[in-house]
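Numbering (my numbering), first residue to last: 1 to 216.
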């Protein structure tokens, strides 16, 4: 469960969020929506520890998201999907995916087999030795997804994951986000796309420095 307590965020004189408290159920998908500049990505970043709140705190399964706990949370609890993929461009697909299996036991051959299975599931046919920069945008985003799938995380934070993709690749990535992480996984997507938020369980609307959460 994700819980926010009196969460506030401001940049100089611009207030994004003012003392907002809420909690999000496990096993549900949430779309963070709002007008441009409302702070969708900022909210996502605060919940995931990428950005510090001005005041208040965030807890994940009663563990506060802070400097002391962030490494453990990233290792055990949650992962990120970014619009720009966040792959190491000049490294191979295998090297990028190995990050997702850093704590896993098994030989390199066994890990390669797992990588291949996940890539095939996501319709990425490229060889593991191929470099990330040589892939199309859609393939790069699916490799980024594969890396998180291999980690078997409970919470996924996704910032405009389909924003730079064409319709076909966007739908494939969205389908994977909504279906491949299991019924216990929690998904949070910052998005401006109706095609994305209409398929989520809940909407988190950010407007006028406040948050409203309602069932889709």
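Cβ coordinates follow ideal geometry from the N, Cα and C atoms, glycine included. Source: prediction; values computed, not measured.
Over the uninterrupted beta strand (DSSP E) stretch that includes residue 42, give me the two end residues. As a working note, residue 42 is residue 42 in the chain shown. That residue, residue 42, is in no beta strand (DSSP E); its alpha helix (DSSP H) goes 40-48.
What is the DSSP secondary structure of residue 135, counted as helix, strand or coil? Looking up residue 135 in the chain shown gives position 135. Here residue 135 sits in coil by DSSP.
Name the residue from 47, 149, 179 whose alpha carbon lies nearest to the alpha carbon of residue 61. Taking the chain shown and counting its residues from 1, one reaches residue 61 at position 61. Out of 47, 149, 179, 47 has the C-alpha closest to the C-alpha of residue 61.
Check whether the Cβ atoms of residue 176 and residue 122 sit closer than 8 Å, and answer yes or no. Here residue 176 refers to the residue found at position 176 of the chain shown. Here residue 122 refers to the residue found at position 122 of the chain shown. Yes, the pair counts as a contact, with Cβ atoms nearer than the cut-off.
Report the three-state DSSP secondary structure of residue 189 (helix, strand or coil). If you number the chain shown from 1, residue 189 lands on position 189. DSSP places residue 189 in strand when its eight states are reduced to three.
Taking the straight line between their C-alpha atoms, what separation do you get for residue 30 and residue 190? Translated into the one-based positions of the chain shown, residue 30 becomes position 30. Translated into the one-based positions of the chain shown, residue 190 becomes position 190. Those two C-alpha atoms are separated by around 9 Å.
Is the Cβ-Cβ distance between residue 19 and residue 6 less than 8 Å? The residue given as residue 19 occupies position 19 in the chain shown. The residue given as residue 6 occupies position 6 in the chain shown. Yes, Cβ-Cβ distance for residue 19 and residue 6 is below 8 Å.
For a test of your reading of the model: does the CB of residue 40 fall under 7 Å from any non-hydrogen atom of the ligand PLP? Yes or no. Inclusion of the ligand PLP in the displayed structure is not the case, the ligand content being empty and no account of it being possible.
Note down the Cα distance separating residue 116 from residue 156, rounded to an integer number of angstroms. For the purposes of this step, residue 116 is taken as residue 116 along the chain shown, with counting starting at 1. For the purposes of this step, residue 156 is taken as residue 156 along the chain shown, with counting starting at 1. So the two alpha carbons sit approximately 22 Å from each other.
Backbone secondary structure at residue 195 - three-state DSSP: Residue mapping note: residue 195 aligns to position 195 of the chain shown, counting from 1. If DSSP states are grouped into helix, strand and coil, residue 195 belongs with the helices.
Give every residue of the same chain whose Cβ lies closer than 8 Å to the Cβ of residue 89, excluding the five residues on either side of it in the sequence, and list them in chain order. The sequence position of residue 89 within the chain shown is 89, counting from 1. Excluding sequence neighbours, residue 89 sits near 131, 132, 133.
Contact check, residue 83 vs residue 194, beta carbons under 8 Å: As a working note, residue 83 is residue 83 in the chain shown. As a working note, residue 194 is residue 194 in the chain shown. Taking 8 Å as the Cβ cut-off, residue 83 and residue 194 do not qualify as a contacting pair.
In whole angstroms, what separates the C-alpha of residue 174 from that of residue 12? The count along the chain shown starts at 1 and reaches residue 174 at position 174. The count along the chain shown starts at 1 and reaches residue 12 at position 12. In a straight line, the C-alpha of residue 174 is about 35 Å away from that of residue 12.
Give the single residue among 24, 44, 152 whose Cα lies nearest to the Cα of residue 76. Looking up residue 76 in the chain shown gives position 76. Measuring from the Cα of residue 76, the nearest candidate turns out to be 152.
Where does residue 38 land, buried or exposed, given buried means 16+ other C-beta within 10 angstroms? Working through the chain shown from its first residue, we reach residue 38 at position 38. It counts as buried.
Span of the beta strand (DSSP E), counted from its first residue to its last, around residue 8: Taking the chain shown and counting its residues from 1, one reaches residue 8 at position 8. Per DSSP, residue 8 belongs to the beta strand (DSSP E) from 2-11.
At the level of alpha carbons, what is the spacing between residue 182 and residue 14? On the chain shown, residue 182 is found 182 positions in, with the first residue counted as 1. On the chain shown, residue 14 is found 14 positions in, with the first residue counted as 1. Answer to the nearest angstrom: the Cα atoms are 39 Å apart.
Alpha carbon to alpha carbon, what distance is there between residue 137 and residue 103? As a first step, residue 103 is located in the chain shown; it is residue number 103 there, counting from the start. As a first step, residue 137 is located in the chain shown; it is residue number 137 there, counting from the start. Roughly 28 Å separates the two Cα atoms.
Restricting to runs no shorter than 4 residues, where is the alpha helix (DSSP H) found entirely within the segment 75-104? 93-98
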